[in-house]
Structures are given as C-alpha cells and as structure tokens.
Amino acid sequence: MQRIKSRKSGGVSQQRIALTGSDHGSIMKTYFGEDDAPGIKVSPTTVLVGSLVFIFSVIVLHFWGRFFS
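So the sequence shown is numbered by the numbering used here: it starts at 1132 and just counts up by one.
What follows is the structure, given as structure tokens:
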C-alpha cells in the first residue's frame, strides 16, 4: 500500500499569518478597528467614493458661484 501525504486545507500559509497577523489576501479587505472600536464599519472603498463625491460637489459649487453671481 502506498501512503498518501495529507495536505493542510485552506491554502493560507502559517508563516504569512504569523508575519501579518491575519489571513487576509489584500489590505482592501480589512476594516480599520474591526472589533475594538464602537461605531459603523466603513470600508476603504466607501471612504474613497465619498471623498470623490465631496470633491466633485466643491468643484460644482465653485463653478456655480463663478457663473451665477
């Protein structure tokens, strides 16, 4: 009989977990202050979109004030 080596399932190396402290594949998947901070959880993508909308609204208000006053 042949003996088959068993592999660990999951695919995440224990060394990477030890070095980074997590098994996330990307920093974009993390939430800042996961369980220790009160309040809402906001992903970096949501912050980026909100910032771009705010910048766009400031630009529109500058044009509005320039042309209609």
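Glycine included, every Cβ here is placed at the ideal spot set by N, Cα and C.
1) Roughly how many angstroms separate the alpha carbons of I1190 and G1170, rounded to a whole number?
2) Measure the C-alpha to C-alpha separation of F1198 and L1192 and round it to an integer number of angstroms.
3) V1189 by DSSP, collapsed to three states: which one?
Put simply:
1) Their backbone Cα atoms lie some 30 Å apart in a straight line.
2) Taking the straight line from one Cα to the other gives about 10 Å.
3) Residue state, collapsed to three classes: helix.
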